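Beneath this line is the structure, given in structure tokens, with notes to follow.
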Amino acid sequence: MSTVTFTRASRVYPGTPRPAVDQLDLEIADGEFLVLVGPSGCGKSTTLRMLAGLEPIDGGSVHIGNTDVTYLPPRERDIAMVFQSYALYPHMTVAENIGFHLKIKKVPKAEINERVLEAAKLLDLEQYLDRKPAKLSGGQRQRVAMGRAIVRKPQVFLMDEPLSNLDAQLRKDMQVELIELQRQLRLTTVFVTHDQDEAL
Numbered sequence: 438m439s440t441v442t443f444t445r446a447s448r449v450y451p452g453t454p455r456p457a458v459d460q461l462d463l464e465i466a467d468g469e470f471l472v473l474v475g476p477s478g479c480g481k482s483t484t485l486r487m488l489a490g491l492e493p494i495d496g497g498s499v500h501i502g503n504t505d506v507t508y509l510p511p512r513e514r515d516i517a518m519v520f521q522s523y524a525l526y527p528h529m530t531v532a533e534n535i536g537f538h539l540k541i542k543k544v545p546k547a548e549i550n551e552r553v554l555e556a557a558k559l560l561d562l563e564q565y566l567d568r569k570p571a572k573l574s575g576g577q578r579q580r581v582a583m584g585r586a587i588v589r590k591p592q593v594f595l596m597d598e599p600l601s602n603l604d605a606q607l608r609k610d611m612q613v614e615l616i617e618l619q620r621q622l623r624l625t626t627v628f629v630t631h632d633q634d635e636a637l
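Residues in the sequence shown are numbered consecutively from 438, following my numbering.
Following this line, the structure appears as structure tokens:
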């Protein structure tokens with residue numbers, strides 16, 4: 438777990454008259470669940486992408502804990518991100534999708550299995566571990582995407598409109614699950630949405 442600090446952080450897209458993010462000062466506490474809410478174009482997703490290392494920072498700095506990550510590549514930031522698009526591998530089972538990053542990192546197979554099972558229990562996915570994504574509902578796919586992020590045991594968990602593809606009732610159910618999951622994991626979490634009801 439870690440704090441996140443933006444200090445006068447800015448992002449300016451070439452050819453635009455004003456910054457997408459303009460000298461942002463923001464402190465996110467260790468273990469906090471922070472929601473960034475606002476209309477399209479207000480800079481919330483850009484802020485998240487700056488933290489993830491997917492957007493360059495044109496001024497100021499970003500720290501995770503005591504580490505200045507302003508110029509670090511995404512893979513060195515110890516973050517995990519869940520996108521609006523779940524980006525699951527269709528040819529892999531749920532278990533293989535959840536454990537994929539660990540396999541790439543050459544984590545021992547026994548540890549991968551243990552961490553995948555731990556995440557599956559947490560997300561109520563145990564009975565689906567051998568299924569492919571095409572055989573899952575939207576909510577189950579979203580849980581798999583979250584599981585893939587959780588097993589990495591990141592310092593910071595980032596979510597960019599992760600519920601927007603779900604229907605209204607499922608979105609409400611997943612909101613409750615997300616809050617409970619974050620309480621259990623005590624992970625510093627940044628959640629981006631344009632939906633004020635979802636933010637509340």
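Built from N, CA and C at the ideal position, the CB exists for glycine as well.
These figures come from a predicted structure and were not determined experimentally.
Quick one: using the 10 Å Cβ neighbour count with 16 as the cut-off for buried, is residue i buried or exposed?
| i | result |
| --- | --- |
| S522 | exposed |
| D597 | buried |
| P454 | exposed |
| R585 | buried |
| A446 | buried |
| G452 | exposed |
| A582 | buried |
| R620 | exposed |
| Y420 | Any question about residue 420 goes unanswered here, given that the chain covers just 438 to 637. |
| K481 | buried |
| I616 | exposed |
| A489 | buried |
| A557 | buried |
| G536 | buried |
| P545 | exposed |
| Y565 | buried |
| P599 | buried |
| P591 | buried |
Of all the options the options, which has the alpha carbon lying nearest to the alpha carbon of residue i?
| i | options | result |
| --- | --- | --- |
| T625 | Y450, D467 and T442 | D467 |
| F520 | G497, Q592, Q579 and G575 | Q579 |
| N503 | D597, R568 and T442 | T442 |
| K593 | D561, V506 and L562 | Here the sequence assigns Val to residue 593, which means Lys is not the residue at that position. V593 has its Cα closest to that of V506, out of D561, V506 and L562. |
| A605 | D462, G576 and F470 | G576 |
| P510 | L525, G497 and R486 | R486 |
| L471 | T440, C479 and S447 | T440 |
| M518 | A557, L491, Y450 and T444 | L491 |
| R512 | V474, L539 and E464 | L539 |
| T630 | P545, R623, P476 and I616 | P476 |
| V499 | L525, D462 and V474 | D462 |
| I541 | Q564, L473, V588 and L562 | V588 |
| R623 | R448, E469 and E548 | E469 |
| P493 | P591, I549 and V449 | V449 |
| L525 | L559, V474, S574 and Q460 | S574 |
| L559 | R608, E548 and L618 | L618 |
Which residues does DSSP pair with residue i in a beta bridge?
| i | result |
| --- | --- |
| T442 | E464 and H500 |
| D505 | H500 |
| T626 | F470 and F594 |
| S447 | G496 |
| V458 | R448 |
Notebook entry, point to check: How do the segment 609 to 626 and the segment 550 to 557 stand: do at least 3 beta-carbon pairs fall below 8 Å, yes or no?
Noted result: At 8 Å Cβ cutoff, the stretches do not touch.
Item checked: Touch test, the segment 525 to 532 against the segment 561 to 570, Cβ-Cβ under 8 Å, three pairs minimum -> At 8 Å Cβ cutoff, the stretches touch.
Check: Could you give the uninterrupted runs of the beta strand (DSSP E) lying entirely in the segment 515 to 563, keeping only those of 3 residues or more?
Finding: Within the segment 515 to 563, the complete beta strand (DSSP E) runs of at least 3 residues are 516 to 519.
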